[in-house]
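Chemist:
In my numbering, the protein residues as written are 17 to 180.
Now the structure itself:
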């Protein structure tokens, strides 16, 4: 009787080992398939990130922060970030009551205020303005003086028309 119990125990253990061996092979195959799929997704995502980096570099080409020649004009001034300083000075023109003095249009829904600013180099700025419903763009020439004053001169402007 004792001999039969060991035989049954041995058979039962052998069946469990066989089951684990077969299921582990299936798991390995499934995990290998998942790993292959994830590696292909990683390759796609790496390509996407690389394309995005190229786009960002293209968009930053016309930017004061990335233009060493333009930044050289401000080396004698004690400013850590000239682009931020100029942006803040331009945004200060929004603080006046009514429309921004650089915008040659009167606001139709509200007052026209400058929203977005792109400092191209040591002389030019592109700016977006809006009153909440209507919007446009400005090309502004600026000069940062040695006394840290900034003079803004409107070069050109454009107001988009709404097509309904």
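Cβ coordinates follow ideal geometry from the N, Cα and C atoms, glycine included.
Please confirm if the region 146–156 is in contact with the region 166–174, defined as three or more CB-CB distances below 8 angstroms between the two stretches.
Modeler: Contact between the region 146–156 and the region 166–174 is present, because at least three Cβ pairs lie under 8 angstroms.
Chemist: Have a look at 40, 136, 69 and 25 and flag the residue whose alpha-carbon is nearest the alpha-carbon of residue 103.
Modeler: Selected option, being the one with the closest Cα: 136.
Chemist: For residue 116, count the other beta carbons within 10 Å of its own beta carbon; 16 or more makes it buried, fewer makes it exposed. Which is it?
Modeler: It is buried - the Cβ of residue 116 has at least 16 other Cβ atoms within 10 Å.
Chemist: Per DSSP, what kind of secondary structure is residue 22 in: helix, strand or coil?
Modeler: Helix.
Chemist: Out of 147, 65 and 34, which has the shortest C-alpha to C-alpha gap to residue 175?
Modeler: When each option's Cα is compared against that of residue 175, the closest is 147.
Chemist: Can you list, in chain order, the residues of its chain with a C-beta nearer than 7 angstroms to that of residue 133? Leave out the 5 residues immediately preceding and following it.
Modeler: The residues are 103, 106, 141 and 143.
Chemist: Measuring straight from C-alpha to C-alpha, what distance separates residue 66 and residue 37?
Modeler: Approximately 43 angstroms between the Cα atoms of the pair.
Chemist: DSSP has residue 143 in a bridge; who is on the other side?
Modeler: For residue 143, which the question treats as bridged, DSSP gives the partners 133 and 154.
Chemist: Is the beta carbon of residue 90 sitting closer than 8 angstroms to the one on residue 160?
Modeler: Contact flag set, yes.
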